[in-house]
Amino acid sequence: MGKFQLPKSRNMGGPWLLSGNDLESLDSVINSIDSLLYKSWEQQVRENLSEESGDVEEEYSNKQVAEKFDALQKKGYKACTFINKDDSRLTDESIQGLLKDPASINLKVEEIRIQIVYEKYRENRFIFKLDGINDEMSYELECSDVSVREEIQYEIEKWIAVKRPNKFLRFWSNSAAVMILLAVLSMLIFGSSAYESEEVPYSSELKREAFELLDNGIDSTNSDRVLELLLQYESGYVPSDYVGARSESNPSTKKFFYLSIFVFIIGVVKPKSTIGLGKHQARYRFLVAWVRLITYTLPAALIITPFWQRLTEWIYKI
245 MGKFQLPKSR NMGGPWLLSG NDLESLDSVI NSIDSLLYKS WEQQVRENLS EESGDVEEEY
305 SNKQVAEKFD ALQKKGYKAC TFINKDDSRL TDESIQGLLK DPASINLKVE EIRIQIVYEK
365 YRENRFIFKL DGINDEMSYE LECSDVSVRE EIQYEIEKWI AVKRPNKFLR FWSNSAAVMI
425 LLAVLSMLIF GSSAYESEEV PYSSELKREA FELLDNGIDS TNSDRVLELL LQYESGYVPS
485 DYVGARSESN PSTKKFFYLS IFVFIIGVVK PKSTIGLGKH QARYRFLVAW VRLITYTLPA
545 ALIITPFWQR LTEWIYKI
């Protein structure tokens, strides 16, 4: 029977909106991955060192293995890096250490990189990258022990599944440019006529008065006026002092124009990968509130408002 395996590397689009708490939970996952990678590496290295020292007396062999292992252990490393907007960097062995560093308060973190590497005989490494500028998250995994690799993938994929943006946010972010283009075209089309008003022609005034006369009935008192209206309409006569009223534009045109403005704003203020630390905390809070407004509040209001109006009308009729 076949066995499903996740790829050793993955690249996932955003937008990723991560708070300090999200990074603390990621730190716990990274520590777990570090322990698992070290376990896989340690087992592989000890096996290989033991094979290399196989022809030596057992007591000396064990001592030699221990010495070589200690030397190799120092070559392994773990580094977590915050990359600032100006490309300055803050590095520590853990995300928790970076979060506690006073310098993180003044950062505008645009990228996070995490590297865990244990080399020799067979490489065991985990590379994680969150690129806020390009809205991407990726990781690469190499592990000599298949079972350990699967456990590591389970840990990181579980964290990603919880933090990954939903399909609507991904569609919103990826379609923002198209939304802006369509909105601008719509504003150009409907904007020119949304507030235009035309002068009511004199012939329309004549028609209106004629309808009134027909409704009221024609008799000897208004027959002269009927004849006058007929002559003015057929001849196209317009009094020199006539000033027509202004007709309002089509209400539907205004609605389409306002809708175009709203779509334009949504396209411009799109969700973008943001690491809510330091000076980006305000942007993170704004984007979270904005996403909730567009995703939940407005749709709920559009659904609930008509229902509430009908319910209110029904209650008053009782």
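Quick note on numbering: the working numbering labels position 215 of the sequence shown as 459, and the sequence is numbered without any gaps. The C-beta atom is built at its ideal place from N, Cα and C for all residues, glycine as well.
1) Secondary structure at Arg563, three-state DSSP: helix, strand or coil?
2) What is the rounded straight-line gap between the Cα of Asn255 and the Cα of Asn410?
3) Pairing CB atoms from the segment 506-521 with CB atoms from the segment 348-357, are three or more of them under 8 Å?
4) Please check the pair Ser388 and Gln288, which I expect to be a contact at CB under 8 Å, by giving their CB distance rounded to whole angstroms.
5) Gly461: buried (16+ other C-beta within 10 angstroms of its C-beta) or exposed?
6) Quick check on the burial criterion: 16 or more other C-beta atoms within 10 angstroms. Buried or exposed for Asp278?
7) Going by the beta-carbon positions, is the gap between Ser517 and Arg393 smaller than 9 Å?
8) Report the CB separation of Thr539 from Phe412 in whole angstroms; it is logged as a contact under 8 Å.
9) Roughly how many angstroms separate the alpha carbons of Phe341 and Ile358, rounded to a whole number?
10) Report all residues from its chain with a CB closer than 8 Å to the CB of Ile505; omit the five preceding and five following residues, and keep chain order.
11) With a cut-off of 8 Å, do at least 3 Cβ pairs link the segment 264-281 to the segment 397-406?
12) Give every residue of the same chain whose Cβ lies closer than 8 Å to the Cβ of Leu261, excluding the five residues on either side of it in the sequence, and list them in chain order.
13) Please classify Asp375: does DSSP put it in a helix, a strand, or coil?
14) Kindly list the residues whose CB is nearer than 8 Å to the CB of Arg333, restricted to its own chain and excluding five residues on each side of it in sequence; keep chain order.
15) If you draw a straight line from the C-alpha of Tyr362 to the C-alpha of Leu280, how long is it?
16) Report the three-state DSSP secondary structure of Glu367 (helix, strand or coil).
17) What distance in whole Å lies between the Cβ atoms of Gly511 and Asp379, which are believed to be in contact at a cut-off of 8 Å?
18) In or out: Leu267 buried (at least 16 other Cβ within 10 Å) or exposed?
19) Just the Cα atoms here: how many angstroms apart are Ala201 and Phe370?
20) Tell me which residue opens and which closes the beta strand (DSSP E) that Lys323 is part of.
21) Under the three-state reduction of DSSP, which class applies to Leu262: helix, strand or coil?
22) Grab me the residues of Tyr304's own chain with a C-beta within less than 6 Å of its C-beta, minus the 5 sequence neighbours each way, in chain order.
23) Just how far apart, CA to CA, sit Ser253 and Phe500?
24) Would you list the residues sitting across from Tyr477 in a DSSP beta bridge?
25) What residues in its chain sit with their C-beta under 6 Å from that of Leu374, if we drop five residues either side in the sequence?
26) Can you tell me whether DSSP reads Glu472 as helix, strand or coil?
27) Can you list, in chain order, the residues of its chain whose CB lies under 8 Å from that of Trp403, leaving out five sequence neighbours each side?
28) Please report how far the alpha carbon of Ile509 lies from the alpha carbon of Leu473, in whole angstroms.
29) Looking at the unbroken beta strand (DSSP E) that takes in Ser417, where does it start and where does it end?
30) In this structure, does DSSP put Arg254 in helix, strand or coil?
Answer, in terms of the structure:
1) Look at the range of the chain in this structure, 245 to 562, and you will see that residue 563 is not part of it.
2) By 1-based counting over the sequence shown, the position of residue 255 is 11. By 1-based counting over the sequence shown, the position of residue 410 is 166. Those two C-alpha atoms are separated by around 16 Å.
3) yes
4) For the purposes of this step, residue 388 is taken as residue 144 along the sequence shown, with counting starting at 1. For the purposes of this step, residue 288 is taken as residue 44 along the sequence shown, with counting starting at 1. The Cβ separation is near 5 Å, so the contact holds.
5) Taking the first residue of the sequence shown as position 1, residue 461 is located at position 217. Under this definition Gly461 is an exposed residue.
6) In the sequence shown, the residue the question calls residue 278 occupies position 34. The residue is buried, with at least 16 neighbouring Cβ atoms inside 10 Å.
7) Translated into positions along the sequence shown, residue 517 becomes position 273. Translated into positions along the sequence shown, residue 393 becomes position 149. Cβ distance not < 9 Å, so Ser517 and Arg393 don't count as in contact.
8) Reading the sequence shown from its first residue, position 295 is the one you call residue 539. Reading the sequence shown from its first residue, position 168 is the one you call residue 412. 6 Å between Cβ atoms; contact.
9) As a position in the sequence shown, residue 341 is number 97, starting the count at 1. As a position in the sequence shown, residue 358 is number 114, starting the count at 1. The sequence as given places Gly at residue 341; Phe does not occur at that position. So the two alpha carbons sit approximately 13 Å from each other.
10) Taking the first residue of the sequence shown as 1, we reach residue 505 at position 261. The answer, listed in chain order, is Ala427 and Met431.
11) yes
12) On the sequence shown, position 17 is the one that residue 261 refers to. Excluding sequence neighbours, Leu261 sits near Pro409, Pro515, Ser517, Thr518, Gly520, Tyr528, Leu531, Val532 and Val535.
13) Start at 1 with the first residue of the sequence shown, and residue 375 comes out as number 131. Looking at Asp375 - three-state DSSP - the assignment turns out to be strand.
14) For this step, residue 333 is matched to residue 89 along the sequence shown. Taken in chain order, the residues that qualify are Thr325, Phe326 and Ile327.
15) Taking the sequence shown and counting its residues from 1, the one referred to as residue 362 is at position 118. Taking the sequence shown and counting its residues from 1, the one referred to as residue 280 is at position 36. Cα-Cα distance, rounded: 11 Å.
16) Position 123 of the sequence shown holds residue 367. If DSSP states are grouped into helix, strand and coil, Glu367 belongs with coil.
17) For the purposes of this step, residue 379 is taken as the residue at position 135 of the sequence shown. For the purposes of this step, residue 511 is taken as the residue at position 267 of the sequence shown. No, Asp379 and Gly511 are not in contact; Cβ-Cβ is about 15 Å, not under 8 Å.
18) On the sequence shown, residue 267 is found 23 positions in, with the first residue counted as 1. Its Cβ being crowded by 16 or more others within 10 Å, Leu267 is buried.
19) The structure shown has nothing for residue 201, since the chain only spans 245 to 562.
20) Within the sequence shown, numbered from 1, the residue matching residue 323 stands at position 79. Per the sequence shown, residue 323 should be read as Ala rather than Lys. Run containing Ala323: Tyr321 to Asn328, per the beta strand (DSSP E) assignment.
21) Taking the first residue of the sequence shown as 1, we reach residue 262 at position 18. Correct three-state label for Leu262: strand.
22) Within the sequence shown, residue 304 is the residue found at index 60, counting from 1. Residue placement at Tyr304 is flagged as unreliable, the pLDDT there being 41, under the threshold of 50; a coordinate-derived value is accordingly withheld.
23) Within the sequence shown, numbered from 1, the residue matching residue 253 stands at position 9. Within the sequence shown, numbered from 1, the residue matching residue 500 stands at position 256. Using only the alpha carbons, I get a separation of about 46 Å.
24) Within the sequence shown, residue 477 is the residue found at index 233, counting from 1. Answer is none; Tyr477 lacks a bridge partner.
25) Taking the sequence shown and counting its residues from 1, the one referred to as residue 374 is at position 130. Answer for Leu374: Ile356 and Met381, listed in chain order.
26) Sequence index remark: in the sequence shown, residue 472 carries index 228 (1-based). The answer is helix: DSSP assigns Glu472 an H, G or I state.
27) If you number the sequence shown from 1, residue 403 lands on position 159. Around Trp403: Ser269, Leu270 and Val273.
28) To locate residue 509, count along the sequence shown from 1; it is residue 265. To locate residue 473, count along the sequence shown from 1; it is residue 229. About 52 Å.
29) Taking the first residue of the sequence shown as 1, we reach residue 417 at position 173. From DSSP, Ser417 is part of no beta strand (DSSP E) but of the alpha helix (DSSP H) over Lys411 to Asn418.
30) In the sequence shown, counting from the first residue as 1, residue 254 sits at position 10. Strand at Arg254.
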